[in-house]
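Taking the UniProt record's numbering, the leading residue of the sequence shown gets 1, the next gets one more, and so forth.
Each residue gets a CB set at the ideal place from its N, CA and C atoms; glycine is no exception.
Remember, it's a predicted structure, so these values are computed and weren't measured experimentally.
Report on one structure; see the data block that follows.
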Amino acid sequence: MECLCAAGVPRHVDVSGIRADLLKLQHVECVEELKLWALTADKTAAIVHLQLAPGIVGNWEEVQSNARRLLTTSHGVTHCTVQLQTHRQGAPQSCTHCLTPSA
């Protein structure tokens with residue numbers, strides 16, 4: 001069994017930049033959750049919860065793969081979980097609750 005002890009967000013990580021880059025991905029409507037932790041001095045973990053744009057069902061694996069690639073190649077995240085949610089009818093049109101950093 002592996003033990004995980006998470007510390008704070010690494011100083012070199014730009015949470016706002018990561019959030020902005022995730023929102024630029026095709027078919028991503030909202031970043032509902034973004035959590036980042038320093039596992040060690042050179043390893044960072046992330047949990048990301050993205051809401052997809054309306055009508056995007058068949059491309060979810062591509063969106064998930066693109067989000068993982070963005071986190072690992074552009075932002076140096078070494079371990080990540082990307083959860084996707086399809087567009088919910090009747091959900092708030094504004095994602096202002098999504099824009100506050102929660103890392």
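Whole-Å CB distance - residue i paired with residue j, under 8 Å assumed
| i | j | result |
| --- | --- | --- |
| VAL31 | ARG19 | 5 Å |
DSSP three-state assignment for residue i, whether helix, strand or coil
| i | result |
| --- | --- |
| ARG11 | coil |
| CYS3 | For CYS3, the predicted structure reports a pLDDT of 45, less than 50, and the residue's modelled location is therefore unreliable. The matter cannot be settled from this model. |
Alpha-carbon to alpha-carbon, residue j and residue i
| i | j | result |
| --- | --- | --- |
| PRO10 | SER74 | 15 Å |
| GLU22 | LEU39 | Rather than Glu, the amino acid found at residue 22 in this sequence is Leu. Looking at the two C-alpha atoms, the distance is approximately 22 Å. |
| LEU34 | ASN66 | 16 Å |
| LEU52 | GLN26 | 9 Å |
| HIS87 | TRP37 | 28 Å |
What are the start and end residues of each continuous alpha helix (DSSP H) run of 4 or more residues lying completely inside the segment 25-89, in chain order?
60-69
Measuring CB atoms only, is the segment 9-18 touching the segment 55-66, in the sense that at least three cross pairs come out at less than 8 Å?
no
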